[in-house]
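Trainee:
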Amino acid sequence: MLLVEAWQFILAHPERFLSALWTHIALSASALAIAIAIAVPLGVVLSGTRRAAQFAIAGANVGRTLPSLAVLALVMPIMGTGFVPSLFALTLLALPPILINTYTAVRQVEPDVVDAARGMGMTRNEIRRKVELPLALPVIFAGIRTAAVQVISGAVLAAYIGGGGLGDFITAGIAMMALPQLFVGAIPATLLALGTDRLFGALQRAMTPAGLRS
Amino acid sequence: MTWFLRNWDQVAIALWEHIVISLTSLSIAFAISLVAGILAARHERVFRWALGVSGLLYTIPTLAFLALLIPVVGLGRTNAIICMVAFSLMIMIRNVATGIREVPGDVVEAAKGMGMDAGEILRRIELPLALPVIVAGLRIATVTVISVAVVAAYVNAGGLGTLIFSGISSDHAPKIWAGALTACALAVVADLGLAQLEQWLRRRAA
């Protein structure tokens, strides 16, 4: 029954629904893209250091434990409300899993394999591109997948600091105790999270070199 | 800071509520996961099903989960606790099951040879040896539950999120700081504490 009413609500306010959905996707995708652009190169660089890596990974481990809503809330008094503060907070949330996985992924490439590649006459650059990267990619992608789901989940909370997105329907639904509206926000957000998880899972499998697939 | 000093009792009550709902949820989740995990360790099909279903629950956005429960159980602590239990199941079931599976087969064989029955093997051999892995799962689950509890304040479950939400709605930054920073501190302290426990258990097992 509620589902039908929720569907009717969407049909009655199509542009409101689509714009919230679009904001949600835009917010999540931009946060993820920025986080990837920062954390992947940083993770690769860190894997070659020792002191800096210890420091950064310890920081990322702490960052990973911080509650999403607390991070969003902490950004608000400093940057105010709206899309940009939400984007900033969500990017912060996406960084630790990608950074940790990239670092681990590059570190775990076995020195023997790299030695063999060198023995075959590959240059440093070729080893990076043809050996290290393909071997590290699935693990990096696992980190991106975790971050993606976390960001979509966090973007629902961004409604509290004026970030827009599907969370708006949920907060309005709770405020007015309008149950159908809750569903208008909650069901698409859930499907978005599940779909993203599946999509990135499939990409992760596709990235795995044939020889490593189980 | 001055707000915090003048209202520390308010923060302390919120922190206490936060800890109580987190511990309640963790205890329930632990009991369910122990049973499900032991079964999953023995039967491959239970393993796949339990992880499939709990993994699905784990992926649902927190606020969406709380919202979906409102028509069923309404607002309040029950709603929050169901949600928090659901979020910790995947990690704990997985770790209980893998912990038991990683117990070397010859150790179990030796116990059988000494005349232990299945129940004794489980209680005296498998669970103690799986403990570090189980505690590792408990650690992630604890951090997750503390994080979910912050959001759960929105469905009137109490806790540190209450300070954040009332700070946001009255645009009162010190209140937001107090709620958010205390929640972060709680998560970090719980994580480090359980990491210590895990390491101590591993050393003792080695």
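Same order as they appear, the protein sequences are chains A and B.
At position 164 of the first sequence the residue is numbered 164 (my numbering), and the sequence of numbers has no breaks.
At position 185 of the second sequence the residue is numbered 399 (my numbering), and the sequence of numbers has no breaks.
The beta carbon of each residue, even a glycine, is placed where N, CA and C say it ideally should be.
Just so you know, these numbers come straight off a predicted model, no measurement behind them.
Examine chain A for any beta-carbon lying closer than 7 Å to the beta-carbon of L282/B, and answer yes or no.
Mentor: Yes, contact with chain A.
Trainee: For D168/A, which residues from the same chain have a beta carbon less than 8 Å from its beta carbon, with the 5 sequence-adjacent residues on both sides left out?
Mentor: Same-chain partners within the cutoff: A20, A159 and G185.
Trainee: Residues of chain A with CB closer than 7 Å to the CB of T273/B, please, in chain order.
Mentor: Per Cβ cutoff of 7 Å: V149, A193, L194 and D197.
Trainee: By how many angstroms is the C-alpha of T196/A removed from the C-alpha of A172/A?
Mentor: If you take the alpha carbons of A172/A and T196/A, they lie about 25 Å apart.
Trainee: Going straight from the alpha carbon of T146/A to that of P97/A, what length do you get?
Mentor: C-alpha separation (whole angstroms): 7 Å.
Trainee: Quick one: which unbroken alpha helix (DSSP H) runs of 4-plus residues sit fully inside the region 67-127 of chain A? Chain order, please.
Mentor: If we require 4 residues or more, the alpha helix (DSSP H) runs fully inside the region 67-127 of chain A come out as 68-79, 83-107 and 111-119.
Trainee: What residues from the region 67-97 of chain A come within 8 Å of chain B, judged by C-beta to C-beta, listed N to C?
Mentor: For the region 67-97 of chain A, which is checked against every Cβ of chain B, the residues closer than 8 Å are P67, S68, L69, A70, V71, A73, L74, M76 and P77.
Trainee: Look up V317/B in the DSSP assignment and say whether it is helix, strand or coil.
Mentor: Of the three classes helix, strand and coil, the one that applies to V317/B here is coil, per DSSP.
Trainee: Run down chain A in chain order and give the residues with a C-beta less than 7 Å from the C-beta of S361/B.
Mentor: Within chain A, the residues near S361/B are P67 and S68.
Trainee: Can you give the Cα-Cα distance for S343/B and N309/B, rounded to whole angstroms?
Mentor: In the sequence on display, residue 343/B carries Leu and not Ser. Computed Cα separation, rounded: 12 Å.
Trainee: For P346/B, decide whether its Cβ has a neighbour in chain A, counting only Cβ atoms nearer than 7 Å.
Mentor: Chain A, which has no Cβ nearer than 7 Å to the Cβ of P346/B, makes this no.
Trainee: Could you work out which residue in D385/B, R418/B and Q410/B is closest to V75/A when comparing CA atoms only?
Mentor: Answer by Cα proximity: D385/B.
Trainee: Report the residue ranges of all alpha helix (DSSP H) runs contained in full by the region 260-328 of chain B; include only those spanning at least 4 residues, in chain order.
Mentor: Those alpha helix (DSSP H) runs which fall completely within the region 260-328 of chain B and span 4+ residues are 276-287, 291-315 and 319-327.
Trainee: Quick check on S302/B: buried or exposed, where buried means 16 or more other Cβ atoms within 10 Å of its Cβ?
Mentor: Buried.
Trainee: Is the region 266-276 of chain B touching the region 293-307 of chain B, taking contact as three or more C-beta pairs under 8 Å?
Mentor: At 8 Å Cβ cutoff, the stretches touch.
Trainee: Taking one C-beta from the region 105-115 of chain A and one from the region 406-417 of chain B each time, how about it: are there three or more such pairs within less than 8 Å?
Mentor: With a cut-off of 8 Å, the region 406-417 of chain B and the region 105-115 of chain A do not count as touching, because too few Cβ pairs lie within range.
Trainee: What is the residue span of the alpha helix (DSSP H) that H257/B lies within?
Mentor: Counting along the chain, H257/B falls outside any alpha helix (DSSP H), and DSSP gives it neither H nor E.
Trainee: Is L336/B close to chain A? Criterion is C-beta to C-beta, closer than 7 Å.
Mentor: No, no contact with chain A.
Trainee: Look at the Cβ atom of P346/B, then the Cβ atom of W217/B, and state whether they are nearer than 7 Å.
Mentor: No, the Cβ-Cβ distance between P346/B and W217/B is not below 7 Å.
Trainee: Using a cut-off of 7 Å between C-beta atoms, extract the partners of G167/A located in chain B.
Mentor: Those within 7 Å of G167/A in chain B are L277.
Trainee: Return yes when the Cβ of G288/B is within less than 7 Å of the Cβ of N370/B, no when it is not.
Mentor: Contact: no.
Trainee: Return the CA-CA distance between G119/A and C297/B, expressed in angstroms with no decimal places.
Mentor: Going by the C-alpha atoms only, they are around 55 Å apart.
Trainee: Mark M215/B as exposed unless 16 or more other C-beta atoms lie within 10 angstroms of its C-beta, in which case mark it buried.
Mentor: M215/B should be labelled exposed.
Trainee: Let me confirm a value: H24/A is counted as buried when at least 16 other C-beta atoms fall within 10 Å, else exposed. Which label applies?
Mentor: It counts as buried.
Trainee: What's the C-alpha gap between E316/B and V225/B?
Mentor: Those two C-alpha atoms are separated by around 43 Å.
Trainee: For the alpha helix (DSSP H) that contains I339/B, what are its first and last residues?
Mentor: Careful: I339/B lies outside any alpha helix (DSSP H) and carries neither H nor E.
Trainee: Any beta carbon from chain A within less than 7 Å of I421/B's own beta carbon?
Mentor: Residue numbering for chain B in the displayed model covers 215 to 420; residue 421/B lies beyond these limits and cannot be assessed.
Trainee: So for R198/A, helix, strand or coil by DSSP?
Mentor: The answer is helix: DSSP assigns R198/A an H, G or I state.
Trainee: Please list, in chain order, all residues of the same chain as A60/A whose beta carbon is under 6 Å from its beta carbon, the five residues on each side excluded.
Mentor: If we look at A60/A and ignore the five residues flanking it on each side, its Cβ neighbours are P96, L99 and I100.
Trainee: If you draw a straight line from the alpha carbon of G63/A to that of A409/B, how long is it in whole angstroms?
Mentor: Distance between the alpha carbons of G63/A and A409/B: 15 Å.
Trainee: Whose Cβ in chain A lies nearer than 7 Å to the Cβ of P285/B?
Mentor: Within chain A, the residues near P285/B are L2 and L179.
Trainee: So with Cβ pairs under 7 Å, would you call L27/A a contact of chain C?
Mentor: In the structure shown, chain C does not exist; the protein chains are A and B.
Trainee: For a cutoff of 7 Å on Cβ pairs, would you count L157/A as touching chain B?
Mentor: Cβ-Cβ to chain B under 7 Å: yes for L157/A.
Trainee: Is it true that the region 2-11 of chain A meets the region 176-183 of chain A, where meeting means three or more beta-carbon pairs spaced less than 8 Å apart?
Mentor: Yes, they touch.
Trainee: Have a look at E15/A and L191/A and give me their C-alpha separation to the nearest angstrom.
Mentor: Cα-Cα distance, rounded: 19 Å.
Trainee: Which residues bound the alpha helix (DSSP H) around R145/A?
Mentor: Residues L133 to L157.
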